[in-house]
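Here's the structure we're looking at; comments come further down.
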Amino acid sequence: ACLRADCCEIWTDVDGVYTCDPRQVPDARLLKSMSYQEAMELSYFGAKVLHPRTITPIAQFQIPCLIKNTGNPQAPGTLIGASRDEDELPVKGISNLNNMAMFSVSGPGMKGMVGMAARVFAAMSRARISVVLITQSSSEYSISFCVPQSDCVRAERAMQEEFYLELKEGLLEPLAVTERLAIISVVGDGMRTLRGISAKFFAALARANINIVAIAQGSSERSISVVVNNDDATTGVRVTHQMLFNTDQVIEVFVIGVGGVGGALLEQLKRQQSWLKNKHIDLRVCGVANSKALLTNVHGLNLENWQEELAQAKEPFNLGRLIRLVKEYHLLNPVIVDCTSSQAVADQYADFLREGFHVVTPNKKANTSSMDYYHQLRYAAEKSRRKFLYDTNVGAGLPVIENLQNLLNAGDELMKFSGILSGSLSYI
Numbered sequence: 001a002c003l004r005a006d007c008c009e010i011w012t013d014v015d016g017v018y019t020c021d022p023r024q025v026p027d028a029r030l031l032k033s034m035s036y037q038e039a040m041e042l043s044y045f046g047a048k049v050l051h052p053r054t055i056t057p058i059a060q061f062q063i064p065c066l067i068k069n070t071g072n073p074q075a076p077g078t079l080i081g082a083s084r085d086e087d088e089l090p091v092k093g094i095s096n097l098n099n100m101a102m103f104s105v106s107g108p109g110m111k112g113m114v115g116m117a118a119r120v121f122a123a124m125s126r127a128r129i130s131v132v133l134i135t136q137s138s139s140e141y142s143i144s145f146c147v148p149q150s151d152c153v154r155a156e157r158a159m160q161e162e163f164y165l166e167l168k169e170g171l172l173e174p175l176a177v178t179e180r181l182a183i184i185s186v187v188g189d190g191m192r193t194l195r196g197i198s199a200k201f202f203a204a205l206a207r208a209n210i211n212i213v214a215i216a217q218g219s220s221e222r223s224i225s226v227v228v229n230n231d232d233a234t235t236g237v238r239v240t241h242q243m244l245f246n247t248d249q250v251i252e253v254f255v256i257g258v259g260g261v262g263g264a265l266l267e268q269l270k271r272q273q274s275w276l277k278n279k280h281i282d283l284r285v286c287g288v289a290n291s292k293a294l295l296t297n298v299h300g301l302n303l304e305n306w307q308e309e310l311a312q313a314k315e316p317f318n319l320g321r322l323i324r325l326v327k328e329y330h331l332l333n334p335v336i337v338d339c340t341s342s343q344a345v346a347d348q349y350a351d352f353l354r355e356g357f358h359v360v361t362p363n364k365k366a367n368t369s370s371m372d373y374y375h376q377l378r379y380a381a382e383k384s385r386r387k388f389l390y391d392t393n394v395g396a397g398l399p400v401i402e403n404l405q406n407l408l409n410a411g412d413e414l415m416k417f418s419g420i421l422s423g424s425l426s427y428i
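Position 263 of the sequence shown, counted from 1, bears residue number 263 in UniProt numbering, the numbering being contiguous throughout.
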């Protein structure tokens, strides 16, 4: 600003500003341009490339800023300017702040109490604590705000001192403090004119079984933020990015049992890759297993030589390892395909469903072991919003079960059913 510069260039170790942190989402997109306001919102909510103290002066003096990569100067970089490119995406980025604590102040004495929010801010200001997010119920019964977890003890002390009399007289309920939270924010100037962004955001989190603790939206409609559990932050960012930026549906498949049925399935998946791509389905076989070994690759196995790689695999077969893998890498749509006739594997279906896997199987053991387990599977699938598909249990793969379920779900009643559903008996 002092030099009256026409442009400010910032050279760093990345190609520019991405739609989100590439370490969390490997297929994050590089942005060509963004407005000062979008940059400020993203920097405030944790975007590592941008810092609020950098954006503030260039926005104040309307100086364009170009983010470039020192190690890759040929990359176009990201231009931060006064206006956004209308051809660009309505949502520019997703960022997250981890390790937050949320305070909730509520009670019958809050109704009509003037200056409550001002007193909260004043108490935090005296304690030199920055309030990251604030939200208030329309009934005026409660107000919640987030601060960094490192400031939690000082913030609680400041609130206890500020509202000592109200707490003592019962006008306010005891302070509710929730720790180990994270804030996920979706930012973009185009959100002001495009309907349905919030719906997609919330739908993505719901599909991943992520509970929303609190919601806040700026009056500019340029950003919307949700508070979630700290452990759900990375998964939340990934599923939101998938919903808002990706056209391909990612499916991560783990095949257990690679004999006649499993081997034929893998061969079919190999042949169908180009067809699936045309349908915008990114199906990755992330694991194969037999009774002796387990072979995994979260980015997808090479289906040309999986037999050789499995023969050389040193990791023993362990169903618990698959569950840990999904949690560690925050996989979006993990699917267990059980091509065995093992009772031990079938006994794990309920656990798989509860841990976020879909289950597809020709194995009859799960549905025929006991009525109690039969109901457990349906309950686990419904509660976790996961699919338990077993059409190949009967009828040699004919879609008998699916068609019956569709009819029943439409309100029809089954009056009578007859047929020989065993492929072997039909042959005899």
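In this text, a Cβ means the ideal position worked out from N, Cα and C, and glycines have one as well.
Open item on the list: Is the beta carbon of residue 238 closer than 8 Å to that of residue 25?
Closed with: Numbered from 1 along the sequence shown, position 25 holds the residue referred to as residue 25. Numbered from 1 along the sequence shown, position 238 holds the residue referred to as residue 238. Cβ distance < 8 Å, so residue 25 and residue 238 count as in contact.
Task: Own chain partners of residue 62 with C-beta closer than 7 Å, once the 5 adjacent residues on each side are dropped - done: Here residue 62 refers to the residue found at position 62 of the sequence shown. Closer than 7 Å at the Cβ level, and outside the excluded window around residue 62, lie 82.
Open item on the list: Give me, in chain order, the residues of the same chain whose beta-carbon lies closer than 7 Å to that of residue 98; leave out the 5 immediate sequence neighbours on both sides.
Closed with: Sequence index remark: in the sequence shown, residue 98 carries index 98 (1-based). These residues qualify, in order along the chain: 182, 230 and 233.
TODO: Can you say whether residue 102 is buried or exposed, counting buried as having 16 or more other CB atoms within 10 angstroms of its CB?
DONE: On the sequence shown, residue 102 is found 102 positions in, with the first residue counted as 1. Flag for residue 102 reads buried.
- [ ] Would you kindly check if the distance between the Cβ of residue 185 and the Cβ of residue 95 is under 8 Å?
- [x] By 1-based counting over the sequence shown, the position of residue 95 is 95. By 1-based counting over the sequence shown, the position of residue 185 is 185. Yes, they are a contact pair.
- [ ] Figure out for me which residue from 72, 137 and 270 has the closest Cα to the Cα of residue 112.
- [x] Translated into the one-based positions of the sequence shown, residue 112 becomes position 112. Comparing Cα-Cα distances from residue 112 to each of 72, 137 and 270, the minimum goes to 137.
Task: residue 49 vs residue 67 beta-carbon contact at 8 Å - done: Start at 1 with the first residue of the sequence shown, and residue 49 comes out as number 49. Start at 1 with the first residue of the sequence shown, and residue 67 comes out as number 67. Residue 49 places its beta carbon less than 8 Å from that of residue 67.
Task: According to DSSP, residues forming a beta bridge with residue 95 - done: Within the sequence shown, the letter at position 95 stands for residue 95. Beta bridge pairing from DSSP links residue 95 with 185.
Task: Element boundaries [beta strand (DSSP E), containing residue 81] - done: The count along the sequence shown starts at 1 and reaches residue 81 at position 81. Segment 78-81, the beta strand (DSSP E) holding residue 81.
Open item on the list: Once the 5 residues before and after residue 189 are set aside, which same chain residues still bring their CB inside 7 Å of it?
Closed with: Here residue 189 refers to the residue found at position 189 when the sequence shown is read from its first residue. Correct list, in chain order: 35, 37, 38, 84 and 222.
Open item on the list: So residue 204 and residue 235 are supposed to be a Cβ contact under 8 Å. How far apart are they, rounded?
Closed with: Counted from its first residue, the sequence shown places residue 204 at position 204. Counted from its first residue, the sequence shown places residue 235 at position 235. Not confirmed; about 10 Å, so no contact.
TODO: List the whole-angstrom C-beta distance separating residue 228 from residue 246, where the pair is believed to meet the contact cut-off of C-beta under 8 Å.
DONE: As a first step, residue 228 must be located in the sequence shown, where it is residue number 228. As a first step, residue 246 must be located in the sequence shown, where it is residue number 246. With a Cβ gap of about 20 Å, residue 228 and residue 246 do not count as contacting.
Task: Exposed unless 16 or more other CB atoms sit within 10 angstroms - verdict on residue 93 - done: Along the sequence shown, one-based indexing puts residue 93 at 93. Buried is the call here.
Task: Whether residue 257 touches residue 392 by CB criterion (8 Å) - done: Within the sequence shown, residue 257 is the residue found at index 257, counting from 1. Within the sequence shown, residue 392 is the residue found at index 392, counting from 1. No, the pair does not count as a contact, with Cβ atoms beyond the cut-off.
- [ ] Could you check the C-alpha separation between residue 145 and residue 133 for me, to the nearest Å?
- [x] In the sequence shown, residue 145 corresponds to position 145, counting from 1. In the sequence shown, residue 133 corresponds to position 133, counting from 1. Residue 145 and residue 133 have their alpha carbons spaced roughly 5 Å apart.
- [ ] Taking residue 13 and residue 71 to be in contact with their CB atoms under 8 Å, please state how far apart those CB atoms are, rounded to whole angstroms.
- [x] Sequence index remark: in the sequence shown, residue 13 carries index 13 (1-based). Sequence index remark: in the sequence shown, residue 71 carries index 71 (1-based). So it is a contact: roughly 7 Å between Cβ atoms.
Task: Cβ shell of residue 7 (< 8 Å), same chain only, five flanking positions each side left out - done: As a first step, residue 7 is located in the sequence shown; it is residue number 7 there, counting from the start. Closer than 8 Å at the Cβ level, and outside the excluded window around residue 7, lie 63, 64, 65 and 66.
TODO: Confirm, please, whether the CB-CB distance from residue 255 to residue 288 is below 8 Å.
DONE: Locating residue 288 in the sequence shown gives position 288, counting from the first residue. Locating residue 255 in the sequence shown gives position 255, counting from the first residue. Going by C-beta atoms, residue 288 is nearer than 8 Å to residue 255.
- [ ] Mind checking which residues open and close the beta strand (DSSP E) that includes residue 334?
- [x] Residue numbering aside, residue 334 sits at position 334 when the sequence shown is read from its first letter. Its beta strand (DSSP E) spans residues 334-338.
- [ ] Could you spell out the range, first to last residue, of the beta strand (DSSP E) harbouring residue 235?
- [x] Here residue 235 refers to the residue found at position 235 when the sequence shown is read from its first residue. Premise fails: residue 235 lies in the alpha helix (DSSP H), 233-245, not in any beta strand (DSSP E).
Task: Own chain, CB closer than 7 Å to residue 415, minus 5 neighbours either side, in chain order - done: Along the sequence shown, one-based indexing puts residue 415 at 415. Excluding positions up to five away in sequence, the list is empty.
TODO: Give the single residue among 308, 151, 192 and 187 whose Cα lies nearest to the Cα of residue 180.
DONE: Within the sequence shown, numbered from 1, the residue matching residue 180 stands at position 180. Here the closest residue by C-alpha is 151.
Open item on the list: On a Cα-Cα basis, can you pick out the residue from 164, 410 and 376 that is closest to residue 347?
Closed with: Against the sequence shown, residue 347 aligns to sequence position 347. Its Cα nearest to that of residue 347, the residue 376 stands out among 164, 410 and 376.
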